[in-house]
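Quick notes on the structure that follows.
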Amino acid sequence: MATDATELFTEMFRNQSQQAMGQTMEQITGLFGQLVPGKGSPEAESAVQWAQIASRMHTIWTEYQVEQLGKTQESPPHYADPMKWIATGEGVMRQLPFASPEVQQRLWNGISALINTVLGQYGLGPQAGLQAAAGDTSEAGPQLPLRDRRFADPEWRRQPFFAVLHQVYLLLSAEIMGLAEATEGLEPAKKAQLLFATRAIVDALSPANFPLTNPVALEAANRTRGESLVRGFENLLDDMRKGQLTHTRPGAFVLGENIAVTPGKVVFETPLYQLIQYTPTTDKVLATPLLIFPPWINRFYILDLNAKKSFVRWAVEQGLTVFMVSWKSADASMADIVWDDYIAAQIEAIDAVRARLNVPSVHTIGYCVAGTTLAATLAVLARKGEADKVASSTFFTAQVDFEEAGDLKNFVDDQQIETLGKLSPEGYLDGRYLAATFNVLRGNDLIWSYVEKNYLKGEDYPAFDLLHWNGDVTNLPAHWHRAYLRDLYRDNRLVVADSMHACGVPIDLHRIATPVYIQAGREDHIAPPQSVWKLTHYLAGPWTFLLAGSGHIAGVVNPPSSNKYQYWVNDARPDSLDAFVDGAQEHAGSWWPHWAEWIRKLDAAEVAARGKRRPGGRGDKVIEDAPGRYVAMR
């Protein structure tokens, strides 16, 4: 390969950036008109038709530019700035041994052989006669050696150019990742960052992500006479206005109408959270109520999506008095909020429920970061001699030991933590940054597939409640967020006894004697099961561990009615996750009934569902109907 590989990749980035940001709408649509397959109608191929499409797109672009003139211009974040992606690409590629003559020769030989093999399937090149001689005349068309679901559409095989293009991309992807994996001399954390960055860049460079190298987009442009280009361009500009990738149809879901609809009342609030109590549906309820702490990184209604998927509604139907904390999305008034404040808020909410129902204790659930915080809360209560306020604690995909915390650790080093401070001049981190981070963790699923569908092909967005929730971002207190990443993810201090303090006392997880139920997702990439398992190492009391099928969301939100996935339990007390799995018994379907049985075994006492067990009844002063104001604040 005569040209240095780093320069090649840099030039590819520059060309794509110039294509996306620098070319006029007339140039783009003109090129589409030249490259669309020739099977379309004469009208779609006419110069007049494409000129009209170009004119419409130019008008849309001009209107957008005029609209932006009156707004404060901010530097785009890293993930939205093509030149910063170029710099990232250069930095990553310099760490790989592309300059090695041996590597260059292997790549050249591999690419040459692959091209000849692919062209041979089309009767071209030196291997043109091999397919017929071998008797391989499958009606399925060319049988290409490399496969990937991104290129499953027949359009990728219809013409030899696009077949060669995506096959060479897949070969180079595998080679580049292999080079990254073989890199030596790096610390484990830096090696993990290199692998993650390499994968992100390789995924971003897929020919499926760019209009002129995606035959499916070209075919859609031809079929719709250019209308797909207009719709896709409008979708792109709408997302640029929002500063966020759209996953679901705007306006399809309205809080309190078709999402977060379980009946209830807001019965208590502070500047940090609202406390919702849900209306019972049974004549009798368990005497000990349930208080749920959702993560403040997203909205609480992940546990109340709709009637069929709602954990809240299901728990109410099981005879539980359910309370939910709805955290306020951070604003400038919350600039000084730290982890202590969230721990204190959990204790305050526990006391508020106890006082409201006149009960000695509550069952608690902590999901993700709120589960991590719940562990600290239990340790604080234990240190203060108040552990009996909590009858049990359930942890949904929550970590306390961050040694094996998964791909998110790739975003935690001194430089990135410092960058977060620069992104938070008003004291809070815009939730769109964090949403972009989580999307990058599954780039092909949550970024590039939507770029192709909604920008390149101009398809309509689906009405999908889970994706709506995923995009309903919350802002985070910047001080808390940086400290959390530094103290827990980077330095792993929570599991060091008395290393951290909250509410005036040291935190020692070994003091937790509360009965604990731990749920982990087998395919969770945010809180990996091996990381969640480690909570068992720090508990002084009884614990039950359950491994659920699927990941961070679907592994939790899996109602019995869906009859999906499975879960594993092990009645022994294994000392490792591997031992747990080896001796575990698999059960089909939802794990929710298993958890409900565990709760009832702790205390099956019941009381009548009257008085303040029914929020908003006679003499009960409440604040407003569920889901409350805080969940709607941006």
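When we follow our numbering, the leftmost residue of the sequence shown carries the number 29, and every step to the right adds one.
Glycine included, C-beta positions come from ideal geometry on N, C-alpha and C.
Starting from residue i, trace the alpha helix (DSSP H) both ways and give me its first and last residue.
i	result
K293	No alpha helix (DSSP H) contains K293, which is instead part of the beta strand (DSSP E) from G292 to E297.
K337	Careful: K337 lies outside any alpha helix (DSSP H) and carries neither H nor E.
R384	W367 to L385
P129	P129 to G148
K640	Here K640 belongs to no alpha helix (DSSP H), and DSSP marks it neither H nor E.
A624	W620 to L630
Hey, would you say residue i sits closer than 9 Å to residue j, going by beta carbons?
i	j	result
L207	P291	no
P588	P557	no
V428	P323	no
A632	D311	no
E480	A245	yes
L265	P239	no
L348	I627	yes
V366	Q305	no
T274	N263	yes
V584	I330	yes
N498	F466	yes
Y489	P278	yes
S559	F430	yes
What whole-angstrom Cβ distance do residue i and residue j have, given they're in contact under 8 Å?
i	j	result
T307	R642	6 Å
S578	N591	Not really, about 13 Å apart at Cβ, beyond 8 Å.
I651	V94	Contact flag wrong, Cβ pair sits at about 43 Å.
H553	G644	H553 to G644, Cβ: 41 Å. No contact.
L522	M528	6 Å
I540	L567	5 Å
A664	L462	What the structure shows of the chain is the stretch from 29 to 662, and residue 664 is not part of that stretch, so it cannot be assessed.
I581	L494	7 Å
R259	G486	3 Å
R327	D500	5 Å
To the nearest angstrom, how far is the alpha carbon of residue i from that of residue j?
i	j	result
P110	T447	With a pLDDT of only 48 at P110, under the threshold of 50, the placement of this residue in the model should not be trusted; the figure read from the coordinates follows. C-alpha separation (whole angstroms): 18 Å.
G647	A660	28 Å
A236	A228	14 Å
T145	L198	14 Å
F492	E91	30 Å
D364	D458	16 Å
R186	I143	16 Å
A415	A217	37 Å
M49	Y545	Its pLDDT being 39, under 50, M49 is placed unreliably in this model, and the coordinates cannot settle the point.
M205	Y483	28 Å
G569	D599	16 Å
Y658	R341	20 Å
F673	K356	This structure gives no information on residue 673, because the portion of the chain shown stretches from 29 to 662.
L303	W89	45 Å
D368	T392	18 Å
Q221	L214	10 Å
R84	L469	36 Å
T401	Q374	8 Å
W623	E614	15 Å
G548	G413	For the record, residue 548 in the displayed sequence is Ala; it is not Gly. Roughly 29 Å between the two C-alpha positions.
A127	L200	15 Å
I320	A612	28 Å
A654	R514	35 Å
Q80	H86	10 Å
G471	F224	11 Å
L174	Q149	13 Å
L192	V131	Leu is not the amino acid found at residue 192; the sequence shown has Val there. Those two C-alpha atoms are separated by around 21 Å.
T152	P188	It should be noted that the sequence gives Leu, not Thr, for residue 152. Straight-line Cα distance between these residues: approximately 9 Å.
N386	S420	17 Å
S234	F179	10 Å
P453	N242	40 Å
K649	K640	10 Å
Going by DSSP, what residue range makes up the beta strand (DSSP E) through residue i?
i	result
I320	L318 to F321
A636	E634 to A636
H677	Look at the range of the chain in this structure, 29 to 662, and you will see that residue 677 is not part of it.
I393	V390 to Y395
E614	Q613 to A616
V353	V350 to W355
L222	Run containing L222: none in the beta strand (DSSP E); it sits in the alpha helix (DSSP H), P216 to A232.
L314	K312 to L314
Kindly provide the ranges of any beta strand (DSSP E) runs that are 3 or more residues long and lie completely inside the region 583-611, ordered along the chain.
594-597
Pick out the complete beta strand (DSSP E) segments inside the region 509-592, 3 residues or longer, and give them in chain order.
544-549 and 571-576
Give, in chain order, every unbroken run of the alpha helix (DSSP H) that is at least 4 residues long and sits entirely within the region 424-510.
Counting only runs that start and end inside the region 424-510, the alpha helix (DSSP H) elements of at least 4 residues fall at 442-450, 459-469 and 493-499.
Beta strand (DSSP E) segments (min. 3 residues) lying fully within the region 235-310
292-297 and 301-306
List in chain order: all unbroken alpha helix (DSSP H) runs of 4+ residues lying wholly within the region 181-208.
183-186
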